Amino acid sequence: MDFSGSQTIAAPIDKVWAFLLDVNKVAECAPGFQSLEVLGEEHWKAVVSVGIGAVKAKFTLDVTRPEMHEPDHMVVKARGKAPGSAVELSGDMHLTAVDSNQTRMDWEAKVIVSGTIASVGARLLQGTAEKLTGQFFACLKTKLEPGGTSQS
Amino acid sequence: MTTTSAGPHVHGLGEPYKRKEDARFIRGKGNYVDDIQLPGMLYADIVRSPYAHALIKSIDISKALQVPGVVAVITGKDLEAAGLAWMPTLSGDSEAVLAVDRVLYQMQEVAFVVAESRYAAADGAAAVEVDYEPLPVVVDPHKALAPDAPLLRPDKKDRQPTNQIYHWETGDRAATDAAFAEAEQNGVVVRQDMYVPRIHPAPIETCGCVADYNAATGKLTVWMTSQAPHAHRTLFAIVSGLPEHRIRVISPDVGGGFGNKVPIYPGYVCAVVAALKTGRPVKWIEDRTENLTSTGFARDYHIHAEIAADKEGTVKALRVYTLADHGAFDAAAQPTKFPAGLFHICTGSYDFKHAHVAVDAVHTNKAPGGIAYRCSFRVTEASYLIERMMDTLAREVGKDPAEIRLQNFIKPEAFPYRSALGWTYDSGNYERALRLAMEKIGYEELRREQAEKRARGELMGIGISSFTEIVGAGPGKHFDIAGIQMFDSCEIRVHPTGKVLARIGVQTQGQGHETTFAQIIAAELGISPDDVDVEHGDTDTAPYGLGTYASRSTPVGGAATAVAARKIRDKARKIAAYLLEVGEEDLEWEPGRFYVRGSPSKGKTIQEIAFAAYTNCPPYLEPGLEAVNYYDPPNLTYPFGSYICVVDIDRGTGEVHIRRFLAVDDCGTVINPMIVEGQIHGGLTQGLAPALYEQLAYDENGNVLGSNFQDYLIPTAMETPRWETARTVTPSPHHPIGAKGVGESPTVGAPQAIANAVVDALAHVGVRHIDIPITPWKVWAILKEKGLATA
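Same order as they appear, the protein sequences are chains Y and B.
Read in order, the letters of the first sequence correspond to residues 0 to 151 in numbering that gives the first Met the number 0.
Read in order, the letters of the second sequence correspond to residues 0 to 790 in numbering that gives the first Met the number 0.
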């Protein structure tokens, strides 16, 4: 499945970049996030639980960021598994300063889901992915935009 | 065969005798594999691959072994050490029992966990950690043949360097091509691509087994969901090296097979290994998803078909090319000499002078199988293509689909008829069956109604299928499974009081053998079916047989039963002659009794004769009254029928409503019309299924999109129309009682009647073909494109 989107965030580009650089902050916005463990430089183990229709699965993800270009380009890759299921994610993100207080984020994601979760939830995957993406950006905006909860 | 005379009424052939086995089923007293409980029994679950294609980097079972209740975890490496990591398939391929270094389809077996309870086994399976490296996935069989396609089976690259399993041809290519060249000049040629999708038999009882090894006696007993227990015992002996007389396979009550329970699955082998390893009985039962995604699928034929005809629509030649998707292992269950099964029947009921068929089979990253789902080895695919093509030809030459069939049928006087592909049809009267169907359904009136509706903008279609089947394999010299010839058997013991125990080599999965076979004996011996118990499915007691599939029970096992009963009667005549002090030639037979010609009152009943066989046997005869017959049929049988389906299409939703469906079947002599009727109802429903609902689809990553009954739509009572049935009787000339077999005819004949009806409803706007399953979405898209959709 391929997804892409564009978000305008009411925050300066360096503030958005700083937020995205901090994996703990990003993880807090990831729907179903449970834990994060540092495995090495730019290498983490994350545990995330997702539900697609009637199927619930706890994925253990191996996360890396193979490309970083401050302050506007980041690539995140993750491969994860749950009993009977597996997922591969690749996210590519570009930031552009619209003006001093507005940043546009253009993103693309490629997701390959295998196993029970793909088989049983096939008809619900697209909708679920869109819902989870929506939740992530809503959280991101809450934390970054004026009036949001983040103080950083 | 006559059952009317002065003798007792015996409920022999042609009687709707109530099924003997139903007494236990309706009381909930059936005994299925999952009902079996043994002391100390362990339960199994299988770790399966989420990937359709991947290397296995490592398997870590340490956490699984710590799960409370888990007793053992078996991996492919363990099996490899024991020489059991691979097993032969029924098509001469080797299939991984548990994957060692790579997985080739989603849900492939990777590890086998045994535990004190089913729950602990599932927890243990979830705790097995497998590290995979995903590989490119081949889903489309056309791409499997591309030069840059990944090689899916490096394990056999020495003998098979590409993903192509075989290329097979039959018929006369030169003569066929010449007939096409002629038709291109002076006649008509019609062509059509069609896909007969991958479907699954989906028996209500999934597959499973209980394996029990007695270390003291060295005897292995396996209760399993098997359609062919004897053949499975032999394969177990060959694969495991255990002596065959110390293996007992018991196929108890089986909740539907339809071909799904012909192959040997990894779970059976692993359960046996686990029983040997743990010293305790091991039960393995699939869940629904495992059954749908990993066990024998059916069909999956991509077909290109062409007919050459003259301008009047008289057929001359048939040319077919097929790409067969066999999945990761070639585990097609069919006689070894016939890689595409009995696809030869694709000339159908029509008098083609020439035909040529080519089939290429390929590997893809899908589950293995290719079983004959309620059909005799690819007969459904063959029948679908020819019946669709006859409609296409009718449109091309501007004739009614009924007319084009009547014009081209093999004539009754042409039997035995040798087809262009070299098969000898035993008997048939196709015109009589179609004319009866047309009369019963009011064909001409329906065509008038259709014309009126069409004028009003309503969409109504009438579809015909005049199919011919080919069932009842052997003969053994042509048909074998893993080298074992396809005969079948019956052993009859008449006890001193005249009660009978019959044991048969075929095995019921719901077909009613315990009644039908009792009726055959009843008819031959003139006793009540109530006095005949029929046993099957236990290799320690039943005579060797090849099992029940491909509608072979009545044609082969039924013949063995009739012949064995006749042997009993022959001996009974000798005993009767002795008792009555007359010559054998002076005796007349009436059902249940021999009497002296000219003195009907002087006779001996079969019960009196049976008693004498044990108490007062002639000194020149062996005592007792038993017989056994191993029957090797001289030819296959060719049941046929004509089905007519009437549909209405909703222009708003694209939904197809089957208003009427009339099935005229001819299965030769009918043993029990009530059972035949039940078989036809079930088979028609399983023919409706692929026409409108069922498909095992895969996404581009090899994920199965039909892994449960929410996504894989089997028709229920809600979707099933009221079936109307009728019958003609054209006995098989070579079968002892003239029977041909019926179990699969409706599954074979029905899909194209429905497809033809839908296409017929849309033919006036130029629609020539719609691939099954014909879903509302497909129809609606066509309505939209043709400007017919009202929403």
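Note that CB positions come from ideal geometry on N, CA and C, so glycine has one too.
This structure is a prediction, so every number in the text was calculated from the model and none was measured.
- prompt: How would you list, in chain order, the residues of chain B whose beta-carbon sits under 7 Å from the beta-carbon of I111(Y)?
  reply: Per Cβ cutoff of 7 Å: N700.
- request: Identify which residue in V663(B), A119(B), P735(B) has its Cα closest to the Cα of A752(B).
  value: For the residues V663(B), A119(B), P735(B), the minimum Cα distance to A752(B) belongs to V663(B).
- request: Taking C-beta pairs closer than 8 Å, name the residues in chain Y that N364(B) reaches, listed in chain order.
  value: Those within 8 Å of N364(B) in chain Y number zero; the least Cβ separation is about 11 Å.
message: Taking a contact to mean a Cβ-Cβ separation below 7 Å, would you say I55(B) touches V72(B) in this structure?
response: Going by C-beta atoms, I55(B) is not nearer than 7 Å to V72(B).
- request: Measure the C-alpha to C-alpha separation of Y349(B) and A754(B) and round it to an integer number of angstroms.
  value: So the alpha carbons of these two residues sit roughly 19 Å apart.
- request: Using a cut-off of 8 Å between C-beta atoms, extract the partners of Y165(B) located in chain Y.
  value: Chain-order list of chain Y residues neighbouring Y165(B): empty, with the shortest C-beta distance near 30 Å, by a criterion of under 8 Å.
query: Skipping 5 residues on each side, what residues in its chain have a beta carbon closer than 6 Å to that of D532(B)?
result: So the list reads L500, once near-sequence residues are dropped.
Listed by chain order, chain Y residues near S706(B) by CB distance under 8 Å: Simply T115, S118, V119.
message: Need the endpoints of the beta strand (DSSP E) that H680(B) sits in, please.
response: From DSSP, H680(B) is part of no beta strand (DSSP E) but of the alpha helix (DSSP H) over 672 to 687.
- request: Could you list the residues in the segment 671 to 705 of chain B with a C-beta less than 8 Å from some C-beta on chain Y, going in chain order?
  value: Result list: D698, N700, G701, N702, V703, L704.
query: For T1(B), which residues of its own chain have a beta-carbon under 6 Å away from its beta-carbon, when the five flanking residues on both sides are left out?
result: Low confidence applies to T1(B): its pLDDT is 42, below 50, so where it sits in the model is not reliable, and the reading given next is rough at best. Hits under 6 Å: none found.
task: Below 8 Å on the Cβ atoms is my guess for R387(B) versus H768(B); work out the distance and round it to an integer in Å.
output: 7 Å between Cβ atoms; contact.
query: Between A626(B) and D33(B), what straight-line distance do the alpha-carbon atoms span, to the nearest angstrom?
result: Their Cα atoms are separated by approximately 34 Å.
- request: Could you name the residues of chain Y that Y212(B) contacts, counting a contact when the two beta carbons are closer than 9 Å?
  value: What Y212(B) touches in chain Y: nothing, since even the nearest Cβ is about 30 Å away.
- prompt: If we ignore side chains and look at the alpha-carbon of each, how far apart do R796(B) and F111(B) end up?
  reply: Residue 796(B) lies beyond the residue range present for chain B, which begins at 0 and ends at 790; the question has no answer from this structure.
Opening and closing residue of the alpha helix (DSSP H) in which P775(B) lies: Residues 775 to 784.
query: Under 8 Å Cβ-Cβ, which residues of chain Y neighbour Q105(B)?
result: By Cβ distance, chain Y contributes S113, G114, S118.
message: Let me see if you follow: with CB-CB separation under 7 Å, is P200(B) close to chain Y or not?
response: Taking CB atoms only, P200(B) has no neighbour in chain Y less than 7 Å away.
query: How many Å lie between E693(B) and N100(Y) at the Cα?
result: Roughly 55 Å between the two C-alpha positions.
task: Locate the beta strand (DSSP E) running through D176(B), then write down its first and last residues.
output: Segment 172 to 185 is the alpha helix (DSSP H) holding D176(B); no beta strand (DSSP E) there.
field: Backbone secondary structure at A626(B) - three-state DSSP
entry: Shown here, A626(B) sits in a strand according to DSSP, grouped into three states.
message: Suppose you measure from the CA of F32(Y) to the CA of F58(Y); what does that come to, to the nearest Å?
response: One C-alpha to the other measures close to 10 Å.
query: Can you give the beta carbon distance from K44(Y) to E36(Y), rounded, assuming they're within the 8 Å contact cut?
result: With 8 Å as the limit, K44(Y) and E36(Y) qualify as a contact, their Cβ atoms being about 4 Å apart.
Cβ-Cβ separation, V189(B) to P280(B) (assumed contact under 8 Å), whole Å: Incorrect: roughly 59 Å between the Cβ atoms, too far for contact.
task: Just the chain B side, please: which residues come within less than 7 Å of P82(Y) by C-beta, in chain order?
output: Correct list: A125.
- prompt: Expressed to the nearest angstrom, what Euclidean distance is found between the alpha-carbon atoms of Y372(B) and A331(B)?
  reply: The C-alpha of Y372(B) lies about 11 Å from the C-alpha of A331(B).
- prompt: Going by other Cβ atoms of all chains shown within 10 Å of its Cβ, with 16 needed for buried, is T496(B) buried or exposed?
  reply: When all chains shown are included, T496(B) counts as exposed.
task: Check each candidate in P65(Y), K55(Y), S3(Y), W16(Y) and name the one with the smallest Cα separation from G39(Y).
output: When only C-alpha atoms are compared, the closest one is P65(Y).
field: Backbone secondary structure at C269(B) - three-state DSSP
entry: Residue state for C269(B) is assigned as helix, using DSSP reduced to three classes.
query: From I23(B) to Y424(B), what does the alpha carbon distance come to, in whole angstroms?
result: The residue you asked about is not Ile; residue 23(B) is Arg in the sequence shown. Each residue's alpha carbon lies about 39 Å from the other.
message: Can you pull the chain C neighbours of R47(B), defined as C-beta to C-beta under 8 Å?
response: No chain C is present in this structure, whose protein chains are Y and B.
field: Residue span of the beta strand (DSSP E) that contains E448(B), given as start and end
entry: It is not in any beta strand (DSSP E) - E448(B) instead sits in the alpha helix (DSSP H) that spans 442 to 455.
C-alpha distance - D105(Y) paired with E87(Y), whole-angstrom precision: For D105(Y) and E87(Y), the gap between their C-alpha atoms comes out near 20 Å.
- prompt: Where does P638(B) land, buried or exposed, given buried means 16+ other C-beta within 10 angstroms?
  reply: By the 10 Å Cβ count, P638(B) comes out buried.
message: Run through the DSSP bridge pairs and tell me what D61(Y) is partnered with.
response: According to DSSP, which records beta bridges pairwise, D61(Y) is partnered with K44(Y), R78(Y).
Distance between L691(B) and H353(B) (C-alpha atoms, nearest Å): Taking the straight line from one Cα to the other gives about 33 Å.
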